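Notes follow once the structure below has been shown.
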Amino acid sequence: EKTDFKLAWTIYVGWMPWDYAAASGIVDKWADKYGINIDIVQVNDYVESINQYTAGQFDATVMTNMDALTIPAASGVDSTALIVGDFSNGNDGVVLKGDKTLKDIAGQQVNLVELSVSHYLLARGLESVGMSEKDVKVVNTSDADLVAAFSSDTVTAVTTWNPLLSEITAQPNTSEVFDSSMIPGEIIDLLVVNTETLEANPKLGKALTGAWYEIMATMSGTDAAATEAKTFMAEASGTDLAGYDAQLASTKMFYTAAEAVAFTHSADLMATMQKVSEFSFDHGLLGEGAPDATFIGIETPSGVYGNTSNVKLRFNPAYMEMAAEGAL
Amino acid sequence: MTRIINRQPSRYGRLALGFLPFVILLLVYIVASDARLAENSADKLLPSFQSFADAVVRMGFEPSKRTGEYLLLNDTLSSLQRLMMGVGLSAFIGLVIGVGNGMVPYMRSPLSPLVTAISLIPPMAILPILFIIFGLGELSKVVLIVIGICPIIIRDIQLRTDDLPPEQLIKAQTLGGSSWQIIVRVVLPQIMPRLIEAVRLTLGSAWLFLIAAEAIAATDGLGYRIFLVRRYMAMDVILPYVLWITTLAFAMDWSLKRVSILLFPWYHGTQGGGHD
Amino acid sequence: MTRIINRQPSRYGRLALGFLPFVILLLVYIVASDARLAENSADKLLPSFQSFADAVVRMGFEPSKRTGEYLLLNDTLSSLQRLMMGVGLSAFIGLVIGVGNGMVPYMRSPLSPLVTAISLIPPMAILPILFIIFGLGELSKVVLIVIGICPIIIRDIQLRTDDLPPEQLIKAQTLGGSSWQIIVRVVLPQIMPRLIEAVRLTLGSAWLFLIAAEAIAATDGLGYRIFLVRRYMAMDVILPYVLWITTLAFAMDWSLKRVSILLFPWYHGTQGGGHD
Amino acid sequence: MTKSEKPIIQIKNLWKEYGDNVVLERINLDVYEGEFVSIVGASGCGKTTFLNLMLGTEQPSRGSILLDEAPLDPEPSTERGIVFQKYSVFPHMTALENVMLGEEFSKTSMSSVAMGRLIGRAKEDARENAMAILEQVGLSQAANKYPSELSGGMQQRLAIAQALIKKPRILLLDEPFGALDPGIRKDMHQLIGQLWQEQKLTVFMITHDLSEGFLLGSRLWVFDKTRQDSHAPERFGAHITFDIPLSTGKSGEEELERLKATELDVA
Amino acid sequence: MTKSEKPIIQIKNLWKEYGDNVVLERINLDVYEGEFVSIVGASGCGKTTFLNLMLGTEQPSRGSILLDEAPLDPEPSTERGIVFQKYSVFPHMTALENVMLGEEFSKTSMSSVAMGRLIGRAKEDARENAMAILEQVGLSQAANKYPSELSGGMQQRLAIAQALIKKPRILLLDEPFGALDPGIRKDMHQLIGQLWQEQKLTVFMITHDLSEGFLLGSRLWVFDKTRQDSHAPERFGAHITFDIPLSTGKSGEEELERLKATELDVA
Ligand SMILES: Nc1ncnc2c1ncn2[C@@H]1O[C@H](COP(=O)(O)OP(=O)(O)OP(=O)(O)O)[C@@H](O)[C@H]1O
Ligand SMILES: Nc1ncnc2c1ncn2[C@@H]1O[C@H](COP(=O)(O)OP(=O)(O)OP(=O)(O)O)[C@@H](O)[C@H]1O
Ligand SMILES: [Mg+2]
Ligand SMILES: [Mg+2]
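Protein chains in written order, with the numbering used here: chain V, 1 to 328; chain Z, 329 to 604; chain H, 605 to 880; chain B, 881 to 1147; chain G, 1148 to 1414.
Below is the structure:
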């Protein structure tokens, strides 16, 4: 039986707890409890971490709901969203230079990470004002360089996430014309585990979930321990406590398991995943073999969206429920 | 002949041995790919040859559903244009400054230390500054290539200019040549084949910088496509693109060599014989 | 002396001219930085020298709150270790395969075309594959450097081995040397200074690949830090780091040159005189 | 030997030092138009340095050299032609182009000043002149060949042809035949002797081959150090210890015999 | 000339062809121990090719060469020493190390086989032998210098010393003095003549300098093509058109006179 597992995480406000979890020994504590070893690995490049997971190098990796669908699921790797950690509530946004509204974006070049949640956010924003992607020109730009790029005169519109977003909006003469708080619950940050591995090793799911909610409890407090934990996370993500708190403010963290369970059970999740599926299909992300958006089945507690015989992405609240019940 | 250093394979032996490692690599790939696909038929990491063929047809020979363009052609043209501009500009600047530094002491004194310092800076690390100065358009991609390879070309050309026998320059002066005439008639023509060599040497780096630039901000290009489809791990597209880039790089190198042999027969006759 | 190509600046003139462009660059920076800061005092693009000093103190001389480590020291050690391993391994492989290819026809036939093909592949394009084969640990960073520079070193060393006068090898055979003895006593010692030259030439690329690898998978290192703070456009950290990398690169180049002169006086005496 | 009234070259108390190293000292000599001066001396004694001073690539530390009673141009000019042992011709030009170059540098037209090239009629004239000189040195068959396609001897013929097109007042030769095979040397001796007499050249030739010096020269200079300080060999420079008039056309041995007979010490 | 009973070298109907190009044809000769064979001939006629066949770097297309009545080793070996015009010594070793190398390659100990080095006592012996040979060629003062610090003549002395340490049955010289100045050549002639007589060497020397060939050799071979096909010059190869016994120690001119007197045609 397998006892050694690897989890990959990348720097993002909602995933920083994994760094603290590894450094503070909380993960080891929970792993020991279930008699397994969990190696927490930081990867700098987000897409690379998901690709590595998809290729089988990691058992678990943090990613958004959209990327979980378009990378591992579309590559035939049956994946389970073990922990629904948070959703973006203003952490992603569309910014224009000058005093503008979203409608002014028509005809502009928009710099963003193509095929990422930013792209999705932009599409949803355009939809909300009766436009479509055809009305703008999308320029693929690497996330690390977006802030510098925005300083250039040739760049007038960007869509991005934090902490880049706050760096950009902090520059004078900018307008944030659309953000993820206008589509609440659609950009979800998950811990995804290989379904096969999870089914064979329920201990892994229990240990990870247990560790996660222990940190959530610490973090959500207002005491010195919470400050210490958040300062640690802030520094690891290259900012300070104030900066990190600002990012947390635009993130809807599910500090308790019960909140996350409730979110997972809601029928909205299935509706969101349908939108994501359709967007992904339109952009060719479901693979060349996909005849339509329903090609890949997505299982949620409220039902399955798409092809039930090809379910590759599962929202499984079972472990979070155990955490909520204190059964871990 | 008994010493191993004296033993020569026959002509056909050499050919067969040359193919051997490629055949082995191919077999290793096929076995590994089959194994992964047997486990998960949607695996994208090591696609089957059928998937490669499909991807090549899709990218190369069918117009894109979204834009109606032939993507491979479009990407290739965009990338080649950037590469040629970057390399062309670097060669031009390299020639002017390199020959200038090599010939004119009053030019060399201020410029040579500067070029050395610039050549040591890792270009990727100063990308943000480049964006701000040159914007995110085509210019910044060309500039990244130029910053990456131009110092190398300048230093190379400067060395080659220094290496010209001083006897030649003295002789040219006794024939009444002015500084400018000597540079135009004696130095430049002799440096040209060496410039081609310098360009050939830096072409690999130029591709590297091009791909890096396209990965950072672009709407088309070979590097753009590779990094875009990396988002859904489309190795069936990435690997043919890598192969295509390799082929293009090889073709450019080969053409430059041909051009040099054609234009500068005197260089390849005797003194340049050893340069491959 | 009237022709410009014959006019030489004096010793001090040369020194002054050498500093000139750096002074100008500094002035340009100060003016531009002041202008931007006057407009927006929170501007991060061109920080004041005070900000640089603060950042240097923070990164270099105060222990990190998170781990208690000195970040600059830590980053430098990590990066240098990776770089040295990558470059050391490349040099070793380059020496073995390069000399082998140059000396043993039965080794050259299969390996030479393979090395040529590999040298043409842009390493950045196959990064994902590398990470999958070699994992995301230290190994893959070292491997990226090796893949990036090893083919160049191999080809260089092979060329240099070929360039050894055949007379020497024949003479060694008439003195009764076996293949192995000839390689050990005649070829390797003569190739060593050329290996150092090859390493010096590829050091710039090695830094490039190191930084690229650290940007994708690392938890420390100079490249990691630059990419981490790039999200916040902390130029007050980035520019000192770039300067530091440049200094390290220069120091390594200089030391290698010294070592070569010290260990191989015969090489730098006459035949190698022109190599700087 | 045509001795005109005024010497073409006057060397007045010439010294050359590199830092503390005195290379040449106290050289005083006159040379008349049409003389052929052979220069011999131990390796490193300053022969090339002397030629560099004549050429203008080095400047005297003390004293001066006058050409036609005026100080020498302090950089190489068309008055002084030169042929080195190697690298005197341009490898990227055909033989004809090599010889034409001197005229193309003449700066008589815009295209010459701007591009170092002649066009039209002027170019035709230059080509004819060049062909005539190539003919003289026996290279008309090889006019369109690159130097790398020529043998060592042919390359040196070409270098001479190239230098002659500017009709220099003096011709400087630094071991011009040092890299040639003995057989080919003989041909070259014949050629240079013939050109010297036909064109009334004033020639300075450095050679390591004493018999070559005797054979070709109308005058032989021996460079040597007479003062020695064994602790600081660089303290004293070489000067011309012998200045021997020769009757040309005789072989080295004959000449040596003749000189021995006149009881001059040429150790 | 000591003629022993059996020839040391027997050349039997030797042909060498490169593809269609016949370089050497029909060479049949015997050479006895202690002979000094000077080889002359036009450039490109196959002299070096002949030496390569003797050396083992090239194989005969037809016929064979026997050394002490056994076929030659088909690759270079210690029986045949060689000195080239250039690059015969190892630039990364001092003069002493260059000469010691032959003994260090002797494979009498593990360290020699594995590293090509001797250690301890064996190394001391090798050093002494090497110093003795350096003494003979007049290089004992320069034992610890690198070749680049030696003059051209000293480098060639070193190359000879290096070849002699293995006591080769035959010594092959390919224009060994071709790159030297005339004065230095004379010294080298003396050295090689002396070594030849003292050590009873069998020597084959290619030279472009006819008088050098006459001066040193006890036998002179002239390589030439006698059959010519002007349409396909590569159809016929060169062979040895003259094989002239010489009385050594005389100058080239004297010898030529002597030969002319014996009515032999040496055009
Ligand atoms: N540019 C220079 N700087 C310093 N010293 C020099 C320079 N040029 C020549 N010398 C010194 O001047 C001396 C004479 O050198 P030169 O080349 O004139 O000798 P040479 O007679 O031509 O010798 P050779 O016969 O070997 O050509 C040498 O000791 C040399 O070291
Ligand atoms: N490896 C080879 N392959 C093909 N042809 C060769 C080879 N080596 C020599 N030749 C040919 O053999 C002929 C004789 O060459 P070789 O070098 O033996 O002449 P040589 O008498 O030594 O001339 P030189 O006096 O110029 O040294 C030449 O025509 C040459 O082209
Ligand atoms: Mg000289
Ligand atoms: Mg030869």
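Think of the CB as a built atom: it goes at the ideal place given N, C-alpha and C, for glycine as much as any other residue.
Note that the structure is a prediction, hence the values are computed from the model and not measured.
Check, Outcome
"Proximity test, LYS1194 of chain G beta-carbon vs ligand 2 heavy atom, cut-off 7 Å", "yes"
"Chain B contact for ASP1167 of chain G (CB, 8 Å cutoff)", "no"
"N-terminal and C-terminal residue of the beta strand (DSSP E) that ALA189 of chain V is part of", "According to the sequence shown, residue 189 of chain V is Asp rather than Ala. Unbroken beta strand (DSSP E) run through ASP189 of chain V: 188-194."
"C-beta neighbour in chain A for GLU397 of chain Z, strict 8 Å", "Reference to chain A is not applicable here, since the protein chains of this structure are V, Z, H, B and G."
"Distance cut-off 7 Å: ASP1321 of chain G Cβ against heavy atoms of ligand 4", "yes"
"Same chain, Cβ closer than 8 Å to THR70 of chain V, neighbours up to 5 away in sequence not counted", "LEU115, SER280, LEU285, LEU286"
"Candidates B:SER1028, B:GLU1029, B:VAL911: closest to LEU946 of chain B by CA position", "B:VAL911"
"Contiguous alpha helix (DSSP H) assignments of at least 4 residues, all confined to the stretch 1203-1288 of chain G", "1242-1251, 1257-1262, 1267-1283"
"Sheet register partners of SER79 of chain V (DSSP bridge)", "V:ASN194, V:LEU313"
"Neighbouring residues, chain H, relative to PRO1223 of chain G (Cβ below 7 Å)", "ILE774, GLN777, THR778"
"Proximity to ILE730 of chain H [Cα-Cα], best of Z:ILE554, Z:PRO451, Z:LEU497", "Z:ILE554"
"Min CB distance VAL1413 of chain G to chain B below 8 Å", "Bear in mind that the predicted position of VAL1413 of chain G carries a pLDDT of just 41, short of 50, making it unreliable; the figure below should be weighed with that in mind. So no, VAL1413 of chain G is outside the interface."
"Own chain partners of GLN794 of chain H with C-beta closer than 7 Å, once the 5 adjacent residues on each side are dropped", "LEU768"
"heavy atom of ligand 2 below 7 Å from GLY1188 of chain G C-beta", "yes"
"TYR912 of chain B CB to nearest heavy atom of ligand 1 below 7 Å", "no"
"ASN610 of chain H (DSSP reduced to helix, strand or coil)", "helix"
"Proximity test, ASN1168 of chain G beta-carbon vs ligand 2 heavy atom, cut-off 7 Å", "yes"
"Neighbour flag for HIS1088 of chain B against chain G, beta carbons, 8 Å", "yes"
"Contacts around ALA817 of chain H, its chain only, beta-carbon distance under 6 Å, and the 5 residues preceding and following it disregarded", "LYS745, LEU748"
"Identity of the residue in B:LYS966, B:ILE907, B:THR958, B:ASP948 nearest PRO940 of chain B by Cα", "B:ILE907"
"Euclidean distance between Cα positions of PHE537 of chain Z and VAL1246 of chain G", "51 Å"
"Interface flag, GLY346 of chain Z vs chain G, CB-CB below 8 Å", "no"
"Where ASP32 of chain V falls: helix, strand or coil (DSSP)", "helix"
"Residues, ordered as in the chain, of the stretch 782-815 of chain H that lie near chain G by beta-carbon distance below 8 Å", "SER782, TRP784, GLN785, ILE786, VAL788, ARG789, VAL790, PRO793, GLN794"
"N- and C-terminal bounds of the alpha helix (DSSP H) containing GLY622 of chain H", "615-643"
"In DSSP terms, what LEU1051 of chain B is bridged to", "B:GLY961, B:VAL1083"
"Below-8 Å beta-carbon distance, TYR1026 of chain B vs any chain Z residue", "yes"
"Beta strand (DSSP E) segment containing PRO727 of chain H, residue limits", "Run containing PRO727 of chain H: none; DSSP gives neither H nor E here."
"Top-ranked residue by Cα proximity to LYS312 of chain V, from V:ALA318, V:TYR319, V:VAL304", "V:VAL304"
"Under 8 Å between C-beta atoms of GLY926 of chain B and GLY1117 of chain B", "yes"
"LYS2 of chain V burial status per 10 Å Cβ neighbour count (16 or more: buried)", "exposed"
"Given 8 Å, three or more beta-carbon pairs between the stretch 767-781 of chain H and the stretch 309-325 of chain V", "no"
"Test: ALA370 of chain Z CB closer than 8 Å to a CB of chain H", "no"
"At least 3 beta-carbon pairs within less than 8 Å: the stretch 1307-1314 of chain G vs the stretch 1241-1256 of chain G", "yes"
"For ILE865 of chain H, the nearest candidate out of G:ALA1379, G:TRP1162, G:HIS1239 (CA to CA)", "G:HIS1239"
"Test: ASP1328 of chain G CB closer than 8 Å to a CB of chain B", "yes"
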